[in-house]
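Okay, structure first, notes after.
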Amino acid sequence: MNALCCLDGTNTEWLARQIFGLLNAHDLRLVLLYVIDSGPGQDMERMRQRYMGIGQRRADLLAQATQAEQEQAAELLAAALEVFRAQWPGGPPDAAQIEATSLRGRPEQEIVRLSASTPSDLIIIGNRRVRGPHEPPHPPGPKSVGHVARFVVDHAPCPVLLLRPA
Amino acid sequence: MKLPLAALGYGLPAGVTTSMAVGIFVATLALIMLRPKQLNEALAALAGGIAMIAAGIVSPWQALQTLLGDWNIFLFFLGMLTLSALAERAGFFDWLAAQAAQLAKGSTRRLYLNVFLLGALISAFFSNDATALILTPIVYSLITRLRVSAMPFLFACTFIADTASFLLPVSNPINIIVLSRFNLGLLDFLRLLLLPSLLVIGINIGVFFLLFRRQLIGTFEIKRLGTPASAIRQQSYFRYVAIVLGVVAVAYLVISLVQQPLSLVAIGGAALLLLGALRWKQVQWKALGKELSWSIFGFIAGMFVVVQGVESIGLTQHAAQLLTSVAGSNTLAATLVGTTGAAVGSNLINNLPMALVLISTIGALSGSTPGVRLALIGATIFGCDLGPNLTTVGSLATVLWLLLLRRRGMDVSSLDYFKLGIVVTPLMLLIGALAIWLMLKV
């Protein structure tokens, strides 16, 4: 089974535990995906131009920021691969059984797009990001599913496994 | 000169004219706040101004006189925006941010303090909008590279932008508008607002350190950042920009000391930077017009005429009478009422229109002591500058933070921001207002 596992940068270990508790790792082929959200950066540029009335930031300085985000995504995925390999039931998996990839764009759209083009049999996603280190998780209720997970559930071309903290 | 009511609104009954003016005023503010179909604020304000003229509430001649009379403000905006854009092009702000990171020597807490101080410095000399709209993206990029928790830093940028916006007359365009309408100079400004300014900056930093103490523990690796010099693309242009900005900073102080128009310094500095940018090929003549968006000027011009309309039907005189009856000759009451009114009003109708309404109201005060008048002027600047920290709608700049915080475990709603604003801002407003009152007594 080809499963697309969506990381948000804060929930890797928890996701790994949940997945291996629920799914049979034997016939599992996992793609770990992290999407660099381009929304805030684009909005920020628009805001600058609208309110400050000045043109775009210098291309090389914008590129510095983009590179930093890519490096961060790469580090995050490398760490995630280690976590998943270490927790894989019955020892580390074959190289073909797990891979990691990062994309840039609106996370919800990129997840749906990749799941259609790969194609995936299953999308695995957490219900929403944690609010912050000092904040308790969202209580059950409509707000416990964030906008990314909500969009994926609504638009996915395959079944979705929505994981939420107990 | 105010026209008698009979001369307004094509001879319509005074009640009809008043209703029309209030209707246009409210409709303009509603359009600016609600922005149906992404309507540009400038178009809304200009439409309001044109409606005031079309309804005969403000004559075209009066409108022209007001706009020409406020040339200092328009030129200041033009100069300040150009200065900021060209300094940014030189990598000046990125260089400053990298220096702030270097000086932190790996300590997250020290970096946090440095970001506050840098924000205050940029607000002081380039205005609050420059801190919120130019520094925030730079700090965001910086902390992404340093792998430090982003949220406290982004809050710091957006809050200090407004908190430090009454250190100097040039720190906020509202200060220039108020000072030029009441003919006040640097010393009056500093006497009234320096101590309150330093106090609220201190409170802002202290409370944020307390609130975010858990996220600020630890160190960062400065190696991830590269040297400050990496922000500089053209060494000679950068040096030139640094020198011109130094001269502009000193000239701001000298010119406001001798009560001459500050717009001359801003425009002069901008012209020098522009010459340098052309000399070192950092901008091109053809692209020059696109570097600045002109809508901000439409917004200010439209709002000037709309508020003039409300003024000419005598509405602000009523507000002035109300203010006189509440404050009387008591400077403490005047400061507290003025500050509260300005801060709450800034959050309801945005701070620029609120400042214009208050200026008009203070101008219509009769029979109040000079002390009360000065207290209200100080309170107007203070409340309209700082008040926007209370909610996200208060000033155009604070809208920005929400967009940034959506990312990476920072699912923060405007309610969260409001909670933070509601903790810190009233405290700063109260202590600042008391300090202004104290300074009036000295």
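Read top to bottom, the protein sequences are chains A and B. By the working numbering, the letter at position 26 of the first sequence is numbered 26, and the numbering carries on one by one without gaps. If you count the second sequence from 1, you need to add 1000 to reach the working numbering. Every residue gets a Cβ at the ideal spot worked out from N, C-alpha and C, and that includes glycine.
Non-local C-beta neighbours of A:Val83 in its own chain, meaning closer than 8 Å and more than five positions away in sequence, comprise Thr12, Glu13 and Ala16, ordered along the chain. For A:Asn2, the uninterrupted beta strand (DSSP E) segment begins and ends at Asn2 to Leu7.
By DSSP's assignment, A:Gly105 forms a beta bridge with A:Asp37. Relative to the Cα of B:Ala1132, the nearest Cα in the group B:Leu1118, B:Thr1144 and B:Asn1040 belongs to B:Leu1118. A:Arg48 has a beta carbon lying within less than 7 Å of a beta carbon in chain B.
For B:Val1058, the secondary structure class from DSSP, reduced to helix, strand or coil, is coil. Using beta-carbon distances, A:Glu69 counts as an interface residue toward chain B, with a partner under 7 Å. Distance from the CA atom of B:Ile1313 to the CA atom of A:Ala149, rounded to whole angstroms, is 54 Å.
If you look at B:Ile1296, you'll find it in the alpha helix (DSSP H) that goes Ser1295 to Ser1312. Beyond the five residues adjoining it in sequence on each side, B:Leu1262 comes within less than 8 Å, by CB distance, of Asn1072, Phe1076, Pro1169, Val1170, Ile1176, Tyr1252, Ile1255 and Ser1256 in the same chain, given in chain order. Listed along the chain, the chain A residues whose CB falls inside 7 Å of the CB of B:Asp1070 amount to none; the nearest CB is some 18 Å away. In the three-state reduction of the DSSP assignment, A:Ile125 falls in the strand class, which pools E and B. By the Cβ criterion, the stretch 1133-1150 of chain B is not in contact with the stretch 1336-1345 of chain B, since fewer than three pairs of Cβ atoms, one from each stretch, lie closer than 8 Å. Taking 7 Å as the cut-off, the beta carbon of B:Leu1386 is found closer than this to the beta carbon of B:Asp1162. Nearest in C-alpha terms to B:Ala1301, of all of B:Gly1069, B:Phe1093 and B:Leu1275, is B:Gly1069. Annotation for B:Leu1029: Ile1349 and Pro1353 place their beta carbon closer than 7 Å to its own, counting only its chain and skipping 5 residues before and after.
Shown here, B:Val1178 sits in a helix according to DSSP, grouped into three states. B:Ala1229 and B:Leu1434 have their C-alpha atoms some 44 Å from each other. Within the DSSP bridge table, the entry for A:Val160 names A:Ile123 as partners.
Residues Phe1126, Leu1245, Val1248, Ala1266, Gly1269, Ala1270 and Leu1273 of the same chain have their beta carbon placed closer than 8 Å to that of B:Leu1083, with the five preceding and five following residues left out of the count. B:Ile1122 sits in a helix when the DSSP states are folded into three classes. Buried is the label assigned to A:Ser120, since at least 16 other Cβ atoms lie within 10 Å of its Cβ. Going by beta carbons, A:Val152 and A:Val145 fall outside the 7 Å limit. Residues of the same chain with a CB within less than 6 Å of the CB of A:Gln72, apart from the 5 flanking positions on each side, do not exist.
In summary, A:Asp8 is buried, with 16 or more beta-carbon neighbours lying within 10 Å of its beta-carbon over all protein chains present. Contacts with chain B at 7 Å (Cβ-Cβ) include A:Ala65. Unbroken alpha helix (DSSP H) runs of no fewer than 4 residues, entirely contained in the stretch 1315-1391 of chain B, are found at 1315-1327, 1331-1349, 1351-1363 and 1370-1386, following chain order. Beta-bridge analysis with DSSP links B:Ser1107 to B:Thr1219. In the displayed model, A:Ile98 falls within a strand according to three-state DSSP. Taken atom to atom, the span from the alpha-carbon of B:Phe1093 to that of B:Ile1201 is near 21 Å. In the assembly as shown, B:Met1033 is an exposed residue. Its beta-carbon has fewer than 16 other beta-carbons within 10 Å. Rounded to whole angstroms, the gap between the alpha carbons of B:Gln1215 and B:Ile1203 is 19 Å. The beta carbons of B:Ile1431 and B:Leu1199 sit closer together than 7 Å. Within the DSSP bridge table, the entry for A:Val31 names A:Leu4 and A:Glu99 as partners. For chain A, the residues of the stretch 1224-1245 of chain B that bring a beta carbon within less than 9 Å of one of its beta carbons are Arg1224, Gly1226, Ser1230, Ala1231 and Arg1233, in chain order.
One Cα belongs to B:Asn1389, the other to B:Gly1421, and the distance between them is close to 6 Å.
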